[in-house]
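Numbering (this note's numbering), first residue to last: 86 to 374.
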């Protein structure tokens with residue numbers, strides 16, 4: 086399942102949101118107030134103050150799985166689902182997870198750096214904090230928009246729009262929205278976008294800067310969820326399809342996977358003209374779904 090990592094990220098985010106929401110209701114109805122829940126959220130959110138962040142280093146990871154507002158998580162999960170499926174088709178589930186986490190980390194570092202550098206944040210430095218998946222989500226979006234800029238998405242009210250234009254629009258929106266409220270959130274979005282762009286640019290040259298994290302996650306998965314042995318299935322020669330085409334004339338998934346693996350190993354520039362055409366046809370076919 087190529088999108089397994091995508092769905093795991095979404096499930097974790099939604100589950101934590103529901104747990105927080107249900108706990109708030111229980112504490113409210115019991116007359117205890119919601120201060121205890123807010124303290125838990127504070128414990129896992131990124132602080133802009135360096136001394137507070139030093140005491141909660143885990144928050145650089147945990148913050149990107151926490152939401153309080155329904156519209157916030159709804160928007161993040163919808164964008165992650167739409168762009169994440171495309172990402173998984175081109176680069177696979179493992180890379181999506183690493184881009185989400187490293188993009189979220191980059192967003193947190195941008196946020197902390199900005200609050201400690203720019204005078205505009207002097208008054209809010211000691212109490213500002215950051216939560217939400219937005220930086221990781223935008224990292225995924227910009228990464229796949231950089232890898233497949235001409236891939237077309239069909240947006241409600243706008244019709245077909247290429248990924249590169251969606252990414253450019255959002256980045257510009259975050260920049261001009263910094264003075265208008267949620268400055269820290271917009272700055273973290275830019276951090277995620279910057280990482281997504283660099284990730285794909287470097288991947289095209291043949292280097293996967295997230296490979297170390299993929300190895301760590303693989304080790305953790307094998308430790309807690311060991312895979313079972315797979316049964317080999319042999320097809321009869323009479324049932325073989327064309328070497329590169331499915332019955333409907335589209336490139337076979339095995340061929341696409343092999344091309345994506347080649348991109349991961351040697352970069353996009355290493356592809357032959359035929360391989361690039363196969364990948365382009367596959368992206369056109371996906372954009373019609």
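From the three backbone atoms N, C-alpha and C, an ideal C-beta is built for every residue, glycine too. Note that this is a predicted model, so its numbers are computed, not measured.
Segment contact, 8 Å Cβ cut-off, at least three pairs: the region 89 to 101 with the region 171 to 178: Yes, they touch.
Alpha-carbon spacing of residue 155 relative to residue 99, whole angstroms: By 1-based counting over the chain shown, the position of residue 155 is 70. By 1-based counting over the chain shown, the position of residue 99 is 14. For residue 155 and residue 99, the distance between alpha carbons rounds to 10 Å.
Pairwise C-alpha distance: residue 114 and residue 282: The residue you call residue 282 lines up with position 197 of the chain shown. The residue you call residue 114 lines up with position 29 of the chain shown. Answer to the nearest angstrom: the Cα atoms are 46 Å apart.
Residue of 217, 244, 183 minimising C-alpha distance to residue 299: One-based indexing of the chain shown puts residue 299 at position 214. With respect to the C-alpha of residue 299, the residue from 217, 244, 183 having the closest C-alpha is 183.
DSSP-derived helix/strand/coil call for residue 152: In the chain shown, counting from the first residue as 1, residue 152 sits at position 67. DSSP places residue 152 outside both helix and strand once states are collapsed to three, so it counts as coil.
Contact under 9 Å by Cβ, residue 138 with residue 145: The residue given as residue 138 occupies position 53 in the chain shown. The residue given as residue 145 occupies position 60 in the chain shown. Taking 9 Å as the Cβ cut-off, residue 138 and residue 145 qualify as a contacting pair.
Start-end ranges of the beta strand (DSSP E) lying completely within the region 209 to 262, minimum 3 residues: The beta strand (DSSP E) runs lying completely inside the region 209 to 262 and spanning 3 residues or more are 237 to 240, 244 to 247, given in chain order.
Own chain, CB closer than 7 Å to residue 252, minus 5 neighbours either side, in chain order: Position 167 of the chain shown, counted from the start, is the residue given in the question as residue 252. Cβ neighbours of residue 252 beyond the five flanking positions: 226, 227, 230.
Identity of the residues DSSP links to residue 132 by a beta bridge: The sequence position of residue 132 within the chain shown is 47, counting from 1. Looking at the DSSP output, residue 132 shares a beta bridge with 214.
For residue 100, the first and last residue of its enclosing alpha helix (DSSP H): Residue 100 sits at position 15 when you count from the first residue of the chain shown. Element bounds for residue 100: 89 to 114.
Residue from 220, 151, 179 whose Cα sits closest to the Cα of residue 301: Locating residue 301 in the chain shown gives position 216, counting from the first residue. 179 is the residue among 220, 151, 179 whose C-alpha sits nearest the C-alpha of residue 301.
Proximity to residue 162 [Cα-Cα], best of 287, 239, 221: For this step, residue 162 is matched to residue 77 along the chain shown. For the residues 287, 239, 221, the minimum Cα distance to residue 162 belongs to 221.
Distance CB(residue 166)-CB(residue 218) smaller than 9 Å: Here residue 166 refers to the residue found at position 81 when the chain shown is read from its first residue. Here residue 218 refers to the residue found at position 133 when the chain shown is read from its first residue. No, the pair does not count as a contact, with Cβ atoms beyond the cut-off.
For residue 332, the three-state DSSP class (helix, strand or coil): As a first step, residue 332 must be located in the chain shown, where it is residue number 247. Interpretation of residue 332 is limited by its pLDDT of 39, a score under 50 that renders its predicted location unreliable; the figure taken from the coordinates is listed afterwards. In this structure, DSSP gives residue 332 a state outside helix and strand, which the three-state scheme calls coil.
Distance between residue 188 and residue 285 (C-alpha atoms, nearest Å): Start at 1 with the first residue of the chain shown, and residue 285 comes out as number 200. Start at 1 with the first residue of the chain shown, and residue 188 comes out as number 103. Roughly 12 Å between the two C-alpha positions.
Where residue 290 sits in the DSSP three-state scheme: Position 205 of the chain shown, counting from 1, holds the residue named residue 290. Judged by DSSP in its simplified three-state form, residue 290 adopts coil rather than helix or strand.
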